[in-house]
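Participant:
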Amino acid sequence: MEIGLITPPVGLNLYVIKGISPDITLPEILRGSLPFMLCMVLAIIILCIFPQIATWLPNYLLGS
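Going by our numbering, 1060 is the number at position 17 of the sequence shown; the sequence numbering is gapless.
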């Protein structure tokens, strides 16, 4: 869900940062957020390949 907040065309968080720091351009803000977006995409890919990672803790706590 956070990926939608940091990527255009919506990019709500980009506009919040732009409002806080008007001297920084939007492309600079987008370049700064790119590593975070790539980490989130990588995490999604890993969870799609190995869904046991996401279900391990609930299974462990609930004993199923």
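Even for Gly, the Cβ is constructed at its ideal location relative to N, Cα and C.
#1: Looking only at its own chain, which residues have a Cβ that is under 7 Å from the Cβ of residue 1045, when we skip the five neighbours before and after it?
#2: Using DSSP with H/G/I as helix, E/B as strand and the rest coil, what is residue 1059?
#3: Does residue 1088 come out as helix, strand or coil in the three-state DSSP assignment?
#4: So, does the region 1069-1076 touch the region 1087-1097, judging by three or more C-beta pairs under 8 Å?
#5: Taking only the alpha-carbon atoms, compute the straight-line gap between residue 1058 and residue 1106 and give it to the nearest angstrom.
Facilitator: In brief:
#1: Position 2 of the sequence shown, counting from 1, holds the residue named residue 1045. Here the set comprises 1083.
#2: In the sequence shown, residue 1059 corresponds to position 16, counting from 1. In the structure shown, residue 1059 sits in a helix (DSSP, three-state: H, G or I).
#3: Taking the first residue of the sequence shown as 1, we reach residue 1088 at position 45. Here residue 1088 sits in helix by DSSP.
#4: no
#5: By 1-based counting over the sequence shown, the position of residue 1058 is 15. By 1-based counting over the sequence shown, the position of residue 1106 is 63. Rounded to the nearest angstrom, the two C-alpha atoms are 44 Å apart.
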